[in-house]
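In what follows, a structure is listed as structure tokens, so that the remarks can point back to it.
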Amino acid sequence: MTFEELISSGALRPFKGGVIDSSVSTSLPLVAHNIKSLKVDIAAEQQVRLVVAYTKSCQAAVEINLAPNSSLELVEVYLADSYANITVNQAENSRCKSLVALLRSSNATYTYALNGRNAESVFDALFIASGSEHATLNLNTRHLISDCRSASLVKGISAGRATGEFHGLVYVAQDAQRTDAQQQNRNIELDNSHIVALPQLEIYADDVRCSHGSTVGYSDAEAIFYMRQRGISEADARRLQIEGFVQDVVSRCQMEPVCALVHEAVTDKLSKI
Amino acid sequence: MANGQQPNMLKIENLHASVGDKQILKGINLEVKAGEVHAIMGTNGSGKSTLASVLAGNEKFTVTEGKVTFLGENMLELPIEDRARKGLFLGFQYPVEIPGVTMANFMKIAVNEKRKYNGQQPLTAAEFLKLMREKSAIVELDSKLTARAVNEGFSGGEKKKNEIFQMAMLEPTLSILDETDSGLDIDALRIVATGVTRLKREDNATVVITHYQRLLDYIVPDYVHVLYKGRIIYSGDKSLALKLEKEGYDWLINDYKE
Chain P
1 MTFEELISSG ALRPFKGGVI DSSVSTSLPL VAHNIKSLKV DIAAEQQVRL
51 VVAYTKSCQA AVEINLAPNS SLELVEVYLA DSYANITVNQ AENSRCKSLV
101 ALLRSSNATY TYALNGRNAE SVFDALFIAS GSEHATLNLN TRHLISDCRS
151 ASLVKGISAG RATGEFHGLV YVAQDAQRTD AQQQNRNIEL DNSHIVALPQ
201 LEIYADDVRC SHGSTVGYSD AEAIFYMRQR GISEADARRL QIEGFVQDVV
251 SRCQMEPVCA LVHEAVTDKL SKI
Chain R
274 MANGQQPNML KIENLHASVG DKQILKGINL EVKAGEVHAI MGTNGSGKST
324 LASVLAGNEK FTVTEGKVTF LGENMLELPI EDRARKGLFL GFQYPVEIPG
374 VTMANFMKIA VNEKRKYNGQ QPLTAAEFLK LMREKSAIVE LDSKLTARAV
424 NEGFSGGEKK KNEIFQMAML EPTLSILDET DSGLDIDALR IVATGVTRLK
474 REDNATVVIT HYQRLLDYIV PDYVHVLYKG RIIYSGDKSL ALKLEKEGYD
524 WLINDYKE
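Protein chains in written order, with the numbering used here: chain P, 1 to 273; chain R, 274 to 531.
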């Protein structure tokens, strides 16, 4: 199934932006497809699921404002070369859970501004660049007030002659005491490809719990040998290992039927590297 | 038991192997026939694990001289996976963790690759599940582990049981068990060893690499070989293991001139 088919099947509700309050039905996930700009205001107490899909090359600007006590589950999928800028402003007690699958030569920038106390941002992302692609994921998590939490897990794979980049910044303002910010980045670099990983912490408060980690690894020769010793071909062993590497990010996508499609797109992409 | 009429299953002739510039195996000769159990013992660094790795085809090592024939074929020319599909199994001393790949998926691919190689149809999902249940019982492996990623978060004992479980699933012709007993408590050792014994048949063979005699109380070998500085310097029957346990290796090593 393609995204177009999924949308026309009626499983998702097309959305052009605007205020989401109790007058808007949120029983189905909303979908914004190949948009140029999107402004979303999620009213207090609302729980929204939103899919943003790029299946044609586009330049997109997305602004999402979460009012107090609202929540958003966001899935963003790049199946075409795109340039996207996404800003999420979070008021107190709001919660945003994002899942990004960047599967083409795209440049995507995500900014989460935690403006209200006790706001929470969970960000899981995967980028895969193969052939001569260049995929860039920028993540800017801004703790601007006390008592907010953020957690990100970004996994990247580059293959062929591709380049994959991750730039991650956790910014903690002076007033943002008792911030809890975790940022994890794991990458695998295959063939003659290149990974650029730049995780950064910028902390001005003194009572915080922040951690970050970033690794670039290669295909694990021991694991490949182990699988081949059980009769699995070298190509299958390599594929299994890479699918296994992204499995935890992919399995965190729980918005059906969108995630089945994401899973399929990832598997398809991996089968070609 | 040993049977002089049987053709060799495995024949190793003058095998030399190195890693980098370092020569580790310096002329191994060994013949294994169907139905036999061989134990290879020796001190640390004698080349035991290297021998197992080289037979399995680990590309970390370079074979510099010699010949290995497995079921009538020049094994050194076969890729790693074809040696496995042909019936060679290596029980790893340190089983490798493969995050995100479930045991069930891993075993399903492995079993069906071997079946394909031997001209058999792949197992259906139901047949495969039944096989998993039967074989996990042999080593008392918690069936929940088969839903988890390969070896990830397994205890030391579970990892070793998992090796024998995989051996049971793949029904190898020749199993090489590389220090399968290391790091096991007495209960896990008994379970693992009993599993190996239950898998023993007239048409398969087992090579057990071990430091300690205690494993050989359960898996009784027909032959015991002592490896030292890359060569088998002495071979005997199971009583040799007991003698080594009591007297150590010095009496052999002192006799041996390089």
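Built from N, CA and C at the ideal position, the CB exists for glycine as well.
Owing to the predicted nature of the structure, the values given are computational and were not obtained by experimental measurement.
query, result
"Which runs of the beta strand (DSSP E), 3 residues or longer, sit entirely within the segment 126–189 of chain P?", "134–143, 149–158, 163–172, 179–189"
"Over what stretch of residues does the alpha helix (DSSP H) that includes residue 343/R continue unbroken?", "Segment 335–343 is the beta strand (DSSP E) holding residue 343/R; no alpha helix (DSSP H) there."
"For residue 370/R and residue 424/R, which I take to be in contact (beta-carbon distance under 8 Å), what is that distance rounded to the nearest angstrom?", "4 Å"
"By a C-beta neighbour count over all protein chains shown, 10 Å radius and 16 as the cutoff for buried, is residue 16/P buried or exposed?", "exposed"
"When burial is assigned at 16 or more other CB atoms within 10 Å of the CB, is residue 5/P buried or exposed?", "exposed"
"Quick test of your reading: residue 494/R and residue 311/R, contact by CB under 8 Å. State the CB separation rounded to the nearest angstrom.", "6 Å"
"Tell me the residue span of the alpha helix (DSSP H) that contains residue 263/P.", "258–271"
"Give the DSSP-derived three-state secondary structure of residue 504/R in the structure shown.", "strand"
"Can you pull out the residues from the segment 312–331 of chain R whose beta carbon lies closer than 9 Å to at least one beta carbon of chain P?", "326, 329, 330, 331"
"Determine, using beta carbons only, whether residue 411/R and residue 377/R come nearer to each other than 8 Å.", "no"
"Quick check on the DSSP output: the alpha helix (DSSP H) that includes residue 390/R runs from which residue to which?", "376–390"
"Decide if residue 366/R is buried, meaning its Cβ has at least 16 other Cβ atoms within 10 Å, or exposed.", "buried"
"Do you know how far the Cα of residue 220/P is from the Cα of residue 295/R?", "23 Å"
"For chain P, check one thing: does any of its Cβ atoms lie closer than 8 Å to the Cβ of residue 276/R?", "Caution applies to residue 276/R, whose pLDDT of 47 falls short of 50 and renders its modelled position unreliable; the value that the coordinates give is listed next. No, residue 276/R lies away from the interface with chain P (no Cβ there is under 8 Å from its Cβ)."
"Cβ of residue 491/R within 8 Å of Cβ of residue 467/R?", "yes"
"Helix or strand or just coil, what does DSSP make of residue 478/R?", "strand"
"By how many angstroms is the C-alpha of residue 93/P removed from the C-alpha of residue 229/P?", "52 Å"
"How many Å lie between residue 88/P and residue 217/P at the Cα?", "31 Å"
"For residue 275/R and residue 496/R, what's the separation of their Cα atoms in angstroms?", "Reliability of the predicted coordinates at residue 275/R is poor, the pLDDT of 46 falling under 50, and the value obtained from them is presented with this limitation in mind. Each residue's Cα considered, the two are about 9 Å apart."
"Determine the DSSP secondary structure at residue 112/P, reduced to helix, strand or coil.", "strand"
"On a CA-only basis, which of 331/R, 340/R, 368/R is nearest residue 357/R? Give me that one, please.", "331/R"
"With contact counted as at least three CB pairs below 8 Å, one residue from each stretch, are the segment 311–329 of chain R and the segment 480–490 of chain R in contact?", "yes"
"Can you tell me which of 346/R, 404/R, 517/R, 435/R puts its alpha carbon nearest to the alpha carbon of residue 418/R?", "435/R"
"Report yes or no: do the segment 29–37 of chain P and the segment 53–62 of chain P share at least 3 C-beta pairs separated by less than 8 Å?", "yes"
"Give the single residue among 380/R, 451/R, 437/R, 432/R whose Cα lies nearest to the Cα of residue 473/R.", "437/R"
"Does residue 411/R have its Cβ less than 8 Å from a Cβ in chain P?", "no"
"Return the first residue and the last residue of the alpha helix (DSSP H) that residue 513/R is part of.", "512–520"
"Sorted by chain position, which residues of the same chain lie with C-beta nearer than 6 Å to residue 136/P's C-beta, five sequence neighbours on each side aside?", "107, 165"
"Suppose you measure from the CA of residue 382/R to the CA of residue 232/P; what does that come to, to the nearest Å?", "7 Å"
"Using a C-beta cutoff of 8 Å, does residue 373/R count as contacting chain P?", "yes"
"As an exercise, report each continuous beta strand (DSSP E) stretch of at least 3 residues that is fully enclosed by the segment 430–482 of chain R, in chain order.", "447–451"
"Could you name the residues of chain R that residue 240/P contacts, counting a contact when the two beta carbons are closer than 8 Å?", "371, 374, 378, 379, 382"
"Thinking residue 124/P and residue 209/P are a contact (beta carbons under 8 Å), I'd like their distance in whole angstroms, please.", "20 Å between Cβ atoms; not a contact."
"Looking only at C-alpha atoms, which of 177/P, 68/P, 76/P sits nearest to residue 98/P?", "76/P"
"Per DSSP, residue 196/P forms a beta bridge with which residues?", "165/P"
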